[in-house]
Ligand code: SF4
């Protein structure tokens, strides 16, 4: 804690920090390390169609700190479409995503007179996004390099401005590195943190199947709107041609979500044999495509193979029915 002199009286200057709080163990430990030094900590968490603040809210509550939540959909989507530093194993642009988040935290730091920013990053914990070069790139790109503290690996990294100025005690920060999380688990036990989710567990961009869908969407629609992105989270996705796709509900809840997403530009299909899927045809509405969609809908319904099946089609305000013969579907 910094001490300043004012008219001969020694005053303790309160130090404020704002940090990226994912709700994972590393970010919680980073908060704890700073709270232990008497620093006033605020967390910041972000919202996009790919992740939300649910885990961070829980963590902030447990840690007893304030949490700011920012919707960064627009800026983040540009990065997901075209990440300057590329993707990780799936469609996760972690380096650029982190840089964006630190930049936003930095803007809040400037606006609110906070002293520094921190993250729960650990040197070499993730081979691509947390090696020394990546940490440097994130710091540089964020525009707040001098003010970015990584409490869990601080002793292995260059000293930051707040450390040099004595706003926080570098000696009390950590020198954790590598993929083993042994030291983090020991710290968690010390601080009584018993529940924490998997690292990156909350980000759909690290999910292989979701990433395949997203890639397909970008290939066929370079400027998707929020609805296109939200629909990627629901149902089976079957591409019918370059311009059309069918989404097939896999359970009651997905059927309801698909129904809610229906717009005048789509066709909604449902089979008379229930339980069965609700399907959404997006894109072209050629007769041949509608027929194919109806066959898929029947195949995923409870109709027996070879049985005649009535399919209801909802188009804008109108409804009609067509009959198809149910075929076998791979219902895995
Ligand atoms: S896992 Fe997702 S939220 Fe986290 S840095 Fe990577 S892209 Fe961003």
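In the numbering used here, the protein residues as written are 7 to 338. Each residue gets a CB set at the ideal place from its N, CA and C atoms; glycine is no exception.
Checklist line | Same chain only: Cβ atoms within 6 Å of residue 321, ignoring 5 sequence neighbours per side | finding: Residue numbering aside, residue 321 sits at position 315 when the chain shown is read from its first letter. The residues 273, in chain order, have a CB closer than 6 Å to that of residue 321 in the same chain once the five nearest residues on each side in sequence are set aside.
Notebook entry, point to check: Hey, is residue 215 close to the ligand SF4, as in C-beta under 7 Å from one of its heavy atoms?
Noted result: The sequence position of residue 215 within the chain shown is 209, counting from 1. Every heavy atom of the ligand SF4 is 7 Å or more from the Cβ of residue 215, so no.
Item checked: Cβ pair count under 8 Å reaching 3, the segment 184-196 against the segment 52-66 -> no
Check: Quick one, which of 141, 122, 159, 230 has its alpha-carbon nearest residue 101's?
Finding: The count along the chain shown starts at 1 and reaches residue 101 at position 95. Answer by Cα proximity: 141.
Next item on the list: Report back the beta-carbon spacing between residue 75 and residue 122 to the nearest angstrom; my notes put them in contact at under 8 Å.
Entry: Numbered from 1 along the chain shown, position 69 holds the residue referred to as residue 75. Numbered from 1 along the chain shown, position 116 holds the residue referred to as residue 122. Not really, about 21 Å apart at Cβ, beyond 8 Å.
Check: How would you write the range of the alpha helix (DSSP H) that residue 242 sits in, first residue to last?
Finding: Residue 242 sits at position 236 when you count from the first residue of the chain shown. Note, residue 242: premise wrong, no alpha helix (DSSP H); beta strand (DSSP E) at 242-247.
Check: Count the other CB atoms within 10 Å of the CB of residue 225; is the residue buried (16 or more) or exposed (fewer)?
Finding: The sequence position of residue 225 within the chain shown is 219, counting from 1. The residue is exposed, with fewer than 16 neighbouring Cβ atoms inside 10 Å.
Notebook entry, point to check: How big is the Cα-Cα spacing for residue 203 and residue 29?
Noted result: As a position in the chain shown, residue 203 is number 197, starting the count at 1. As a position in the chain shown, residue 29 is number 23, starting the count at 1. Approximately 7 Å between the Cα atoms of the pair.
Notebook entry, point to check: Quick one: what's got a C-beta closer than 6 Å to residue 216's C-beta in the same chain, skipping five residues either side?
Noted result: As a position in the chain shown, residue 216 is number 210, starting the count at 1. Result list for residue 216: 210, in chain order.
Next item on the list: Confirm the yes/no value for this check: CB of residue 212, any heavy atom of the ligand SF4, distance under 7 Å.
Entry: Along the chain shown, read from residue 1 onward, the residue named residue 212 stands at position 206. Checking every heavy atom of the ligand SF4 against the Cβ of residue 212, one is found closer than 7 Å.
Check: So residue 279 and residue 300 are in contact, right, with Cβ under 8 Å, and what is the actual spacing, rounded?
Finding: As a first step, residue 279 is located in the chain shown; it is residue number 273 there, counting from the start. As a first step, residue 300 is located in the chain shown; it is residue number 294 there, counting from the start. Rounded, the Cβ-Cβ distance is 13 Å, inconsistent with contact.
Note to self: Can you check whether the C-beta of residue 93 is within less than 8 Å of a C-beta belonging to chain C?
What the structure shows: Of the chains in the structure shown, none is chain C; there is only one protein chain.
Notebook entry, point to check: Is the segment 193-202 close to the segment 232-244, with three or more CB pairs under 8 Å?
Noted result: Segment contact: the segment 193-202 against the segment 232-244, fewer than three CB-CB distances shorter than 8 Å; contact not assigned.
Note to self: Alpha carbons only, please: which of 302, 68, 93 is nearest the one belonging to residue 197?
What the structure shows: Position 191 of the chain shown, counted from the start, is the residue given in the question as residue 197. Of the listed residues, the one whose Cα sits closest to residue 197 is 68.
Notebook entry, point to check: Do the CB positions of residue 399 and residue 311 come within less than 8 Å of each other?
Noted result: There is simply no residue 399 to check, as the chain begins at 7 and stops at 338 in what is shown.
Check: On the three-state DSSP scale, how would you describe residue 218?
Finding: Here residue 218 refers to the residue found at position 212 when the chain shown is read from its first residue. Reduced to three states, the DSSP call for residue 218 is helix.
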